[in-house]
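Note that this note's numbering has the sequence shown beginning at 598, numbered continuously upward. All remarks here apply to the structure that follows.
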Amino acid sequence: MKKLVVRPVARVQGAIEVPGDKSISHRSIMMGSLAYGTTKVKNFLISADCISTMKIFKSMGVGILQKGTELTIAGKGLNSLKPPKGRLDAGNSGTTSRIILGLLSGQPFTTFLSGDKYLRRRPMKRVVGPLSLMGARISGPDNANLLPLKIEGGKLHSITYRLPVASAQVKSALLLAGLFAEGTTTVIEPTPTRDHTERMFSAFHIPYTKSGSNICLSGPAKPFKARNIQVPGDISSAAFFIVAGLITPNSKLIIKNVGVNPTRTGILDVLKKMGGKIKLKLHKTGKGEEPIADIYVESSQLKAIEVDDEAIVPRMIDEFPVFAVAATQAQGTTVVKKAGEMKVKESDRILMMAATLKKMGANIQPTEEGWIIQGQTPLKGCTVSSGGDHRIAMSIAVAALIAQGPTTILDTENITTSFPGFESLLKKVAKR
Ligand code: S3P
598 MKKLVVRPVA RVQGAIEVPG DKSISHRSIM MGSLAYGTTK VKNFLISADC
648 ISTMKIFKSM GVGILQKGTE LTIAGKGLNS LKPPKGRLDA GNSGTTSRII
698 LGLLSGQPFT TFLSGDKYLR RRPMKRVVGP LSLMGARISG PDNANLLPLK
748 IEGGKLHSIT YRLPVASAQV KSALLLAGLF AEGTTTVIEP TPTRDHTERM
798 FSAFHIPYTK SGSNICLSGP AKPFKARNIQ VPGDISSAAF FIVAGLITPN
848 SKLIIKNVGV NPTRTGILDV LKKMGGKIKL KLHKTGKGEE PIADIYVESS
898 QLKAIEVDDE AIVPRMIDEF PVFAVAATQA QGTTVVKKAG EMKVKESDRI
948 LMMAATLKKM GANIQPTEEG WIIQGQTPLK GCTVSSGGDH RIAMSIAVAA
998 LIAQGPTTIL DTENITTSFP GFESLLKKVA KR
């Protein structure tokens, strides 16, 4: 089992770039595979999760060449996927498994989809339910709620579906199924979630409409042509360094080329409200393209905050673990509400962060939908397990920078699911 030992630092300093955005990387393969022609993807995230997506599409006959972080995808059109030889393996990747369920449901062949022991515990009903309403035939354990699933692809029909939970994965699965379904598929979001799928539809000239919280797509979609994709740095990865820069005294960091799509920047808004010195220098990007910025961070005295607005939760859903670390260093009581979705991520992040930060000396209480965190508390190094969750592992590594004594984080191999090179970037900016 891999472990990571992090020692306290005097400050963090430097200019870094984080790897490509995970959500956009997954979608670039999916869309490039369904397009007609050659899609080149630049700054693709070469991480275990995205490699799972790549392998799945390769096994369905798509030619994908990888050179460094550049991919060349030889798409042969919407109806070109071939039945794979064996079972499709999504590894640790919830995004891969959930979104491709939509795509697989519309194929004229049967597939079997599984994943690692962590993914096999995560709920799939949220996708399987609405897909079944579209005519998908999906079966598996716990009434098709758990992997491994059997997907008997076939004809789909459109539905109008109001998402019971704000989930970009479910939205994207339904939109991909909608490409193959007869009629107009309408997805209604309770609150906006990351819109990378919709932006890619626009980029690939797939017509859809968005009015208020309704997204409508007419199917079956017409063939669409390949195009090139530039993947920005992942704000979810940048968040670890942003918090590190804020809570470590005498620090100054620049994180370059980060994607700052407004559906993803909740963490910046909240940290700024807490008094975090964060500045953005926006790059010039074309209309409809993913916005990119260099992010400047300086150490700051943070003040506690209440996060209880439903709309903010999906905009920072993956950043809550590292946000909890920031809250331990904020003066006052930070309360997080309405973030119960954290329980069904790669681990139950509410309980995991509460247990690990408590062990490090923080005053943190888990609640049904978040935490109550009393700051500002000194942290102490100790031995903790990440529970196999990449974002827990990296969040604890950030806390360890300001702890007294070394922290040993156990079970850290999954860091590579989203952030290969995390450890060496952390070493690069850590000054003793
Ligand atoms: C993702 C959506 C989010 C997020 C996940 C990636 C995506 O999940 O937590 O890491 O790429 O669509 P939900 O949409 O289920 O909240």
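Glycine included, every Cβ here is placed at the ideal spot set by N, Cα and C.
Query raised in the report: From L700 to I889, what does the alpha carbon distance come to, in whole angstroms?
Result: Stepping through the sequence shown from its first residue, residue 700 is reached at position 103. Stepping through the sequence shown from its first residue, residue 889 is reached at position 292. So the two alpha carbons sit approximately 29 angstroms from each other.
Report task. Take T1040 as the anchor and find which of G972, V933, G978, A936 has the nearest alpha-carbon. Result -> Residue 1040 is absent from the model: the chain starts at 598 and stops at 1029.
Query raised in the report: Run through DSSP, which three-state label would F709 get?
Result: As a working note, residue 709 is residue 112 in the sequence shown. Strand.
**Report entry** Cβ contact check for the segment 709-725 and the segment 737-749: 3 or more pairs under 8 angstroms
**Finding:** yes
**Report entry** By C-beta, the residues closer than 5 angstroms to any heavy atom of ligand 2, given in chain order
**Finding:** Among the ligands modelled here, namely ligand 1, ligand 2 does not occur.
Report task. Please determine if the segment 639-648 and the segment 612-630 are in contact, where contact requires at least 3 C-beta pairs separated by less than 8 angstroms. Result -> yes
Query - Element boundaries [alpha helix (DSSP H), containing N740] - result: Position 143 of the sequence shown holds residue 740. 738-741 is the extent of the alpha helix (DSSP H) around N740.
Query raised in the report: Taking all protein chains shown into account, do 16 or more other C-beta atoms lie within 10 angstroms of the C-beta of M657, making it buried, or fewer, making it exposed?
Result: Reading the sequence shown from its first residue, position 60 is the one you call residue 657. It is buried - the Cβ of M657 has at least 16 other Cβ atoms within 10 Å.
Requested in this report: Kindly list the residues whose CB is nearer than 6 angstroms to the CB of M949, restricted to its own chain and excluding five residues on each side of it in sequence; keep chain order.
Outcome: Here residue 949 refers to the residue found at position 352 when the sequence shown is read from its first residue. G984, I989.
Query - For D686, the nearest candidate out of L877, D713, Q663 (CA to CA) - result: Along the sequence shown, read from residue 1 onward, the residue named residue 686 stands at position 89. Among L877, D713, Q663, the Cα nearest to that of D686 is on D713.
Requested in this report: Mind listing, in chain order, the continuous beta strand (DSSP E) runs of no fewer than 3 residues lying wholly within the segment 815-888?
Outcome: 849-856, 874-879
Query - Nonlocal neighbours in the same chain, by C-beta distance under 7 angstroms from S799, ignoring five residues either side - result: If you number the sequence shown from 1, residue 799 lands on position 202. Contacts found: G885.
Query raised in the report: Could you give the distance in angstroms between the alpha-carbon of E965 and the alpha-carbon of V867?
Result: Walking along the sequence shown from the start, residue 965 turns up at place 368. Walking along the sequence shown from the start, residue 867 turns up at place 270. When rounded, the distance between both Cα atoms is 21 angstroms.
Query - 3-residue-minimum beta strand (DSSP E) runs that sit fully inside the segment 639-667, ordered along the chain - result: 660-664
Query raised in the report: Around the C-beta of T708, are 16 or more other C-beta atoms found within 10 angstroms, so that it is buried, or is it exposed?
Result: What you label residue 708 is simply residue 111 of the sequence shown in a count that begins at 1. Flag for T708 reads buried.
Query raised in the report: Going by alpha carbons, who is nearest to M598 out of T1009, L1022, R608?
Result: Position 1 of the sequence shown holds residue 598. The option with the nearest alpha carbon to M598 is T1009.
**Report entry** Distance, K934 Cα to D906 Cα
**Finding:** Stepping through the sequence shown from its first residue, residue 906 is reached at position 309. Stepping through the sequence shown from its first residue, residue 934 is reached at position 337. Cα to Cα, D906 sits roughly 8 angstroms from K934.
Query raised in the report: Given a threshold of 16 other Cβ atoms within 10 Å of its Cβ, counted over all protein chains shown, does G873 qualify as buried or as exposed?
Result: As a working mapping, residue 873 is identified with position 276 in the sequence shown. With 16 or more Cβ atoms within 10 Å of its Cβ, G873 is classed as buried.
Query raised in the report: Measuring CA to CA, which of Q704, R1029, K619 is closest to K747?
Result: Position 150 of the sequence shown, counted from the start, is the residue given in the question as residue 747. With distances taken between Cα atoms, K747 lies closest to Q704.
Query raised in the report: If you drop the 5 nearest sequence neighbours on each side, which residues of the same chain put their C-beta closer than 7 angstroms to that of G958?
Result: One-based indexing of the sequence shown puts residue 958 at position 361. Here the set comprises T974, P975, L976, K977.
Requested in this report: Please report the Cβ distance between V995 and A841, rounded to the nearest whole angstrom; I am assuming they are in contact, meaning their Cβ atoms lie under 8 angstroms.
Outcome: Along the sequence shown, read from residue 1 onward, the residue named residue 995 stands at position 398. Along the sequence shown, read from residue 1 onward, the residue named residue 841 stands at position 244. Correct: roughly 5 angstroms between the Cβ atoms.
Query raised in the report: DSSP three-state call for T790: helix, strand or coil?
Result: Here residue 790 refers to the residue found at position 193 when the sequence shown is read from its first residue. In this structure, T790 counts as coil in the three-state DSSP scheme.
Query raised in the report: In chain order, what residues of the same chain have a beta carbon less than 6 angstroms from the beta carbon of M871, not counting five sequence neighbours either side?
Result: Position 274 of the sequence shown, counted from the first residue, corresponds to residue 871. Cβ within range, chain order: L899, K900, I902, A927.
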